[in-house]
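Peer 1:
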Amino acid sequence: MIVDARVRLPQALRPPLDAGSAELLADYGAVFDSDVGRDGDALLRELDEAGVDHAIVHAEYESGDHADALNEAVAALVAAHPQRLSGFGTVTLAPLRPGRTLAQLRRVERYGLKGVNVQPAFFDLAIDDRRLYPLYAAAEESGLVVGLHTGVNYSRRHAIRGERPELLDQVACDFPGLTLVACHAGWPWATEMAAVARRHPTVLLDFGGIAPKYLGQPGSGWDVLMRYVAKLLSRQAMFATDWPVFPHARALAEWRALGLEEDVLAAVLGGNAARLLGLATSGDDDAVGAGAAAGGTAAATEGTR
1 MIVDARVRLP QALRPPLDAG SAELLADYGA VFDSDVGRDG DALLRELDEA GVDHAIVHAE
61 YESGDHADAL NEAVAALVAA HPQRLSGFGT VTLAPLRPGR TLAQLRRVER YGLKGVNVQP
121 AFFDLAIDDR RLYPLYAAAE ESGLVVGLHT GVNYSRRHAI RGERPELLDQ VACDFPGLTL
181 VACHAGWPWA TEMAAVARRH PTVLLDFGGI APKYLGQPGS GWDVLMRYVA KLLSRQAMFA
241 TDWPVFPHAR ALAEWRALGL EEDVLAAVLG GNAARLLGLA TSGDDDAVGA GAAAGGTAAA
301 TEGTR
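Sequence positions in the sequence shown follow the UniProt record's numbering and run 1 to 305.
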């Protein structure tokens with residue numbers, strides 16, 4: 001099974017762009033050659049053409065968009081294609097109001113979405129900002145996954161220092177029952193990301209928005225993390241495209257060219273995300289926390305800390 005752990009809600013299904021959203025898309029358009037206007041049919045067509053079985057659609061709250069409308073759009077798209085799509089909702093971060101956050105989380109859960117995606121740096125918040133802790137606590141209690149933007153972003157209006165993996169480490173320490181996804185896998189702090197994921201089997205990595213060919217290039221900054229992915233973190237890494245940032249066919253071809261062992265590649269391309277979502281796979285449907293812990297314990301016998 002191939003699962004894309006991160007695709008964007010198609011722009012055609014998002015609320016109308018405000019000025020901040022338009023500026024953000026312009027920033028990203030200067031870096032990536034992607035068609036942000038694609039719709040749900042285009043997404044499903046590309047999944048079919050590339051042989052991708054399932055994808056997680058993320059409602060990305062980036063510049064004061066209407067979080068409730070984003071969640072409703074994700075829920076409607078997933079409900080229309082439940083065999084192909086799962087969803088992550090979001091919450092309003094500007095301003096943060098604990099009561100509203102909890103109400104939005106309850107609606108996300110009611111919609112049947114699997115988690116929430118938040119990008120604190122776009123609102124001048126660090127990952128470990130205590131104002132986010134009510135969100136983390138409620139998600140931990142309800143069993144929702146939390147996806148957090150880590151590493152570089154390409155908005156020139158928001159600093160990246162609040163997205164370092166070491167800050168995610170603090171959240172994982174304070175909420176040991178919360179499954180966290182480090183979206184974009186923390187580059188340029190990839191070695192730091194390896195240490196955090198090694199410490200916490202509840203921390204998963206998605207590689208969305210990254211050209212996989214660079215993961216295997218010496219000097220790219222990915223070297224140490226990818227050595228861990230090949231062994232000790234093989235059950236915590238997930239294929240993702242951040243569609244439409246990267247086309248599926250290209251991303252899959254580049255992952256397959258990295259030279260990973262067959263079982264590791266199968267886990268990265270779909271097994272780990274399928275386990276996170278509770279999707280039926282060939283004899284491997286354990287819960288992600290327990291599965292990651294077991295994988296880490298077994299792997300520890302093969303390598304050093």
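Quick reminder that beta carbons are idealized off the backbone N, C-alpha and C, glycines included.
1) Can you tell me whether M1 is helix, strand or coil according to DSSP?
2) Could you say if the stretch 179-189 and the stretch 201-210 meet the contact criterion of at least three C-beta pairs nearer than 8 Å?
3) Would you grab the beta carbon distance between A211 and F246 for me? Rounded to a whole angstrom, and I think it's under 8 Å.
4) Starting from G87, follow its DSSP beta bridges and name the residues at the other end.
5) Determine the extent of the alpha helix (DSSP H) in which A182 is found, giving its start and end residues.
6) For G221, which option in S234, G115, A12, W187 has the closest C-alpha, if you only look at C-alpha atoms?
7) Pop quiz: L233 and A197 are said to be a contact at Cβ under 8 Å. What is the actual Cβ separation, rounded to whole angstroms?
8) Nearest by alpha-carbon distance to N117: which of D129, I160, A50, R6 is it?
9) Does the beta carbon of L70 come closer than 8 Å to any beta carbon on chain C?
10) If you draw a straight line from the C-alpha of V152 to the C-alpha of L258, how long is it?
11) Have a look at L77, R100, G162, S86 and flag the residue whose alpha-carbon is nearest the alpha-carbon of Q119.
12) DSSP on A67, reduced to helix/strand/coil?
13) I'd like to know whether the C-beta atoms of D4 and T241 end up nearer to each other than 8 Å.
14) Give me the Cα-Cα distance between L252 and D174, rounded to the nearest whole angstrom.
15) Just to check my reading of the structure: L9 and A94 have Cβ atoms closer than 8 Å, yes? What is that Cβ distance to the nearest angstrom?
16) Would V57 pass as a contact of V78 if the rule is Cβ separation under 8 Å?
17) Among L168, V171, A230, V268, which one has its Cα closest to the Cα of G208?
18) Here's the rule I'm using: 16 or more other beta-carbon atoms within 10 Å means buried, otherwise exposed. How should D48 be labelled?
19) Would you check if the distance between the CB atom of A75 and the CB atom of G87 is smaller than 8 Å?
20) Can you give me the start and stop residues for the alpha helix (DSSP H) that V171 sits inside?
21) Straight-line CA distance for A190 to Y111?
22) In terms of residue numbering, what span does the alpha helix (DSSP H) encompassing H149 cover?
23) Please identify the residue among L96, G177, K213 whose C-alpha is closest to the C-alpha of R131.
24) Just how far apart, CA to CA, sit D53 and Y133?
25) Can you say whether D41 is buried or exposed, counting buried as having 16 or more other CB atoms within 10 angstroms of its CB?
26) Can you tell me where the alpha helix (DSSP H) holding V203 begins and where it ends?
27) Can you list, in chain order, the residues of its chain whose CB lies under 7 Å from that of L178, leaving out five sequence neighbours each side?
28) Going residue by residue through the stretch 96-128, where are the continuous beta strand (DSSP E) segments of at least 3 residues, counting only ones entirely within it?
Peer 2: Taking the geometry as given:
1) Reading the sequence shown from its first residue, position 1 is the one you call residue 1. In the structure shown, M1 sits in coil (DSSP, three-state: anything other than H, G, I, E or B).
2) yes
3) Numbered from its first residue, the sequence shown carries residue 211 at position 211. Numbered from its first residue, the sequence shown carries residue 246 at position 246. Contact flag correct, Cβ pair sits at about 7 Å.
4) For this step, residue 87 is matched to residue 87 along the sequence shown. As a beta-bridge residue in DSSP terms, G87 pairs with V57.
5) Mapped onto the sequence shown, residue 182 falls at position 182. Premise fails: A182 lies in the beta strand (DSSP E), 180-183, not in any alpha helix (DSSP H).
6) Taking the first residue of the sequence shown as 1, we reach residue 221 at position 221. Closest option to G221, Cα to Cα, is W187.
7) Against the sequence shown, residue 233 aligns to sequence position 233. Against the sequence shown, residue 197 aligns to sequence position 197. Yes, L233 and A197 are in contact; Cβ-Cβ is about 5 Å, under 8 Å.
8) The count along the sequence shown starts at 1 and reaches residue 117 at position 117. Among D129, I160, A50, R6, the Cα nearest to that of N117 is on R6.
9) Given the protein chain composition of this structure (a single chain), no chain C is represented.
10) Here the question's residue 152 lines up with position 152 in the sequence shown. Here the question's residue 258 lines up with position 258 in the sequence shown. C-alpha separation (whole angstroms): 23 Å.
11) As a first step, residue 119 must be located in the sequence shown, where it is residue number 119. Minimum Cα distance to Q119 is reached at G162.
12) Residue 67 sits at position 67 when you count from the first residue of the sequence shown. Helix, per DSSP.
13) Position 4 of the sequence shown, counted from the start, is the residue given in the question as residue 4. Position 241 of the sequence shown, counted from the start, is the residue given in the question as residue 241. It is a contact, given that the beta carbons lie within the stated cut-off.
14) By 1-based counting over the sequence shown, the position of residue 252 is 252. By 1-based counting over the sequence shown, the position of residue 174 is 174. Looking at the two C-alpha atoms, the distance is approximately 35 Å.
15) Within the sequence shown, residue 9 is the residue found at index 9, counting from 1. Within the sequence shown, residue 94 is the residue found at index 94, counting from 1. That pair is no contact at about 19 Å.
16) Indexing the sequence shown from 1 puts residue 57 at position 57. Indexing the sequence shown from 1 puts residue 78 at position 78. Taking 8 Å as the cut-off, the beta carbon of V57 is found closer than this to the beta carbon of V78.
17) Sequence index remark: in the sequence shown, residue 208 carries index 208 (1-based). Relative to G208, the option among L168, V171, A230, V268 whose CA is nearest is V268.
18) Taking the sequence shown and counting its residues from 1, the one referred to as residue 48 is at position 48. Exposed, because fewer than 16 other Cβ atoms sit within 10 Å of the Cβ of D48.
19) Sequence index remark: in the sequence shown, residue 75 carries index 75 (1-based). Sequence index remark: in the sequence shown, residue 87 carries index 87 (1-based). Yes, these two residues count as a Cβ contact at 8 Å.
20) Indexing the sequence shown from 1 puts residue 171 at position 171. That run of the alpha helix (DSSP H) goes 165-174.
21) The sequence position of residue 190 within the sequence shown is 190, counting from 1. The sequence position of residue 111 within the sequence shown is 111, counting from 1. Computed Cα separation, rounded: 34 Å.
22) On the sequence shown, residue 149 is found 149 positions in, with the first residue counted as 1. Premise fails: H149 lies in the beta strand (DSSP E), 145-149, not in any alpha helix (DSSP H).
23) Counting from 1 along the sequence shown, the entry for residue 131 is found at position 131. Considering only alpha carbons, the answer is L96.
24) Position 53 of the sequence shown, counted from the first residue, corresponds to residue 53. Position 133 of the sequence shown, counted from the first residue, corresponds to residue 133. Rounded to whole angstroms, the separation of the alpha carbons of Y133 and D53 is 34 Å.
25) The count along the sequence shown starts at 1 and reaches residue 41 at position 41. Exposed, since its Cβ has fewer than 16 Cβ neighbours within 10 Å.
26) Position 203 of the sequence shown, counted from the start, is the residue given in the question as residue 203. Note, V203: premise wrong, no alpha helix (DSSP H); beta strand (DSSP E) at 203-206.
27) Mapped onto the sequence shown, residue 178 falls at position 178. Correct list, in chain order: Y136, A139, E140, V146, T202.
28) 115-118
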